[in-house]
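A.B. asks: Supplied in structure tokens, the structure appears directly below.
In the UniProt record's numbering, the protein residues as written are 1 to 481.
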């Protein structure tokens, strides 16, 4: 969008492909905002394209967009980008093309302006404020031991309250990657504005930066940039830990269209892929695939749901509409050893667009491991009983976390466990993890994941590890979809 100069009263849409290189060096600003629950009154459509190219009054824009024009001009930008006015909303071809370019749009912007306190485009950026409320105070104290000292007083609690979230925008999935990818953020909050970049965060009225006021997004981005991969094509443990933090944060976000789960995260995934050279498989990285299979939904969060439309395999966190936690597998204590007992034979995903980052139509995971049937019995508290069909000499207590409400167990339910990891403590078997599987009807050795089990021997003095890992229990080759 060409917003002209300060005295201009109109804006017009320009098609960069038609400019024959004239705009290659043009700087522009982007906007992050909330669409709201009602349809946008002003959008780029095939029927309005001609009018937008010809020009429209700035006064007719929603208040947030008008305020954005004011800010962009003050910062010296002649061009801006707003999604609903720059993507043809009723043209799937244009929408898909622009969605796949979203990473470049935000990563190459000069500054991303964030409307933190507005629930829709009518809310605006600016707020009426009392100057003294955002100005630091001065305090002079005379101490008996020396000269009077002057101190600056500011509301540090306000900065900390808003440090990791962007208020109203915090739960919008698309904004998550917009904030991550943009090199600079100018955020308009309810009482003051803030500035963010990779160097840190500054708050209006706050005279110095604080480490705890830098958003977790900035910390992650800075860490990613500092962790150059030693071997291209592989994701190191340090980078994987960052990735899992990003996924956990993103999984809390909401999307108007649940099928956009991978698409709205594709820009972040692409940034990681360019860093590592790794292969992306529907939300997980091939080189560290086994370490990423352990994830669980949060039991006390909003009810987990399986989307009606397929978008990811059951073994990927992207297959559920719920906040998830990815459990980074590492040695945490000297006496503790993690034994991954599952073997990945093959894995793949078919993606129809977006350079393999989204729009997954099919995916598979072929594994070899210890697989056994068991019955389920609910107990008081967090743990239930799992009774394998073979004798292991001790009952197993398990924390069972199903991936969606439709998979909830009842007493005497039958299920299939695929052993994932055994943890030993000072040489004795301590706890274990297993993927909970459901057989696909009509298919031999084909399953889908429906949950996770974290279990331990009911009698700590009796270790069933030898029985569970005994050669007499033949390992099976399974296909998980």
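Glycine residues also receive a C-beta, built at the ideal position from the N, C-alpha and C atoms. Predicted model only: the values in this text are computed from it and were never measured.
Under the assumption that residue 267 contacts residue 102 (Cβ atoms under 8 Å), give the Cβ distance between them as a whole number of angstroms.
C.D. replies: 5 Å
A.B. asks: Between the beta-carbon of residue 79 and the beta-carbon of residue 26, is there less than 8 Å?
C.D. replies: yes
A.B. asks: Of the choices 264, 283, 297, 126, whose alpha-carbon is the least far from that of residue 190?
C.D. replies: The residue with the shortest Cα to Cα distance from residue 190 is 126.
A.B. asks: In whole angstroms, what is the alpha-carbon distance linking residue 94 and residue 338?
C.D. replies: 48 Å
A.B. asks: Nearest-angstrom Cα distance between residue 212 and residue 196?
C.D. replies: Any reading at residue 212 must be qualified, since the residue scores a pLDDT of 44, below 50, and its modelled position is unreliable; no value is offered.
A.B. asks: Per the DSSP calculation, residue 448 is bridged to which residue(s)?
C.D. replies: Bridge partners of residue 448: 438.
A.B. asks: Who are the near neighbours of residue 397 in its chain, counting only those whose CB is closer than 7 Å to its CB and skipping five residues on each side?
C.D. replies: 383, 385, 455, 456, 458
A.B. asks: Considering residue 245, what are the terminal residues of the alpha helix (DSSP H) in which it resides?
C.D. replies: In the DSSP assignment, residue 245 falls within the unbroken alpha helix (DSSP H) covering 237 to 250.
A.B. asks: Locate the alpha helix (DSSP H) running through residue 134, then write down its first and last residues.
C.D. replies: 131 to 134
A.B. asks: Out of curiosity, what's the CA-to-CA distance linking residue 111 and residue 178?
C.D. replies: 11 Å
A.B. asks: Kindly provide the ranges of any beta strand (DSSP E) runs that are 3 or more residues long and lie completely inside the region 359 to 412, ordered along the chain.
C.D. replies: Counting only runs of 3 or more residues that sit fully inside the region 359 to 412, the beta strand (DSSP E) segments are 371 to 378, 384 to 388, 396 to 402, in chain order.
A.B. asks: Which residue wins for smallest C-alpha separation from residue 116, given the options 152, 172, 82?
C.D. replies: 172
A.B. asks: Does the beta-carbon of residue 7 have 16 or more other beta-carbons within 10 angstroms, so that it is buried, or is it exposed?
C.D. replies: exposed
A.B. asks: Do residue 13 and residue 65 count as a contact pair if the criterion is CB distance below 8 Å?
C.D. replies: no
A.B. asks: Can residue 292 and residue 405 be called in contact, C-beta distance under 8 Å?
C.D. replies: no
A.B. asks: Can you check which of these residues, 44, 289, 453, is closest to residue 348 by C-alpha distance?
C.D. replies: 289
A.B. asks: With distances taken between CB atoms, is the gap from residue 407 to residue 451 smaller than 8 Å?
C.D. replies: yes
A.B. asks: Considering only DSSP beta bridges, list what residue 28 is partnered with.
C.D. replies: 79
A.B. asks: What do you get for residue 280, buried or exposed, if any count of 16 or more other CB atoms within 10 angstroms of its CB means buried?
C.D. replies: buried
A.B. asks: Which residues in the same chain as residue 90 place their Cβ atom closer than 7 Å to its Cβ, once the five residues preceding and following it in sequence are excluded?
C.D. replies: 45, 46
A.B. asks: What is the DSSP secondary structure of residue 2, reduced to helix, strand or coil?
C.D. replies: strand
A.B. asks: Would residue 244 be called buried (16 or more neighbouring beta carbons within 10 Å of its own) or exposed?
C.D. replies: buried
A.B. asks: Ordered along the chain, which non-local residues of its own chain (more than five positions away) have a Cβ less than 8 Å from that of residue 412?
C.D. replies: 375, 376, 377
A.B. asks: What do you reckon, are the CB atoms on residue 255 and residue 264 nearer than 8 Å?
C.D. replies: Yes, they are a contact pair.
A.B. asks: So what does DSSP say about residue 116, is it helix, strand or coil?
C.D. replies: Residue 116 falls in the coil class under three-state DSSP.
A.B. asks: Alpha carbons only, please: which of 390, 480, 119 is nearest the one belonging to residue 40?
C.D. replies: Comparing C-alpha distances from residue 40 to each of 390, 480, 119 shows the shortest one belongs to 119.
A.B. asks: Go ahead and pull the three-state DSSP assignment for residue 86.
C.D. replies: Note: residue 86 maps to helix in three-state DSSP.
A.B. asks: Using 8 Å for Cβ pairs, my map puts residue 372 next to residue 388. What's the rounded Cβ distance?
C.D. replies: 5 Å
A.B. asks: Determine whether the beta carbon atoms of residue 418 and residue 435 lie at a separation below 8 Å.
C.D. replies: Residue 418 is a Cβ neighbour of residue 435, given a cutoff of 8 Å.
A.B. asks: Are the Cβ atoms of residue 109 and residue 182 separated by less than 8 Å?
C.D. replies: yes
A.B. asks: If you draw a straight line from the alpha carbon of residue 325 to that of residue 83, how long is it in whole angstroms?
C.D. replies: 31 Å
A.B. asks: Quick one: measure Cβ to Cβ for residue 363 and residue 282, integer angstroms, because I've assumed they're closer than 8 Å.
C.D. replies: 5 Å
A.B. asks: Apart from the five residues on each side of it in sequence, which residues of its chain come closer than 8 Å, Cβ to Cβ, to residue 56?
C.D. replies: Closer than 8 Å at Cβ, skipping near neighbours: 10, 11, 12.
A.B. asks: Measure the Cβ-Cβ separation of residue 312 and residue 319 and say whether it is below 8 Å.
C.D. replies: yes
A.B. asks: Quick check on the DSSP output: what are the complete alpha helix (DSSP H) runs of length 4 or more inside the region 250 to 334, in order along the chain?
C.D. replies: 266 to 276
A.B. asks: How would you call residue 242, buried or exposed, if buried means at least 16 neighbouring beta carbons within 10 angstroms?
C.D. replies: buried
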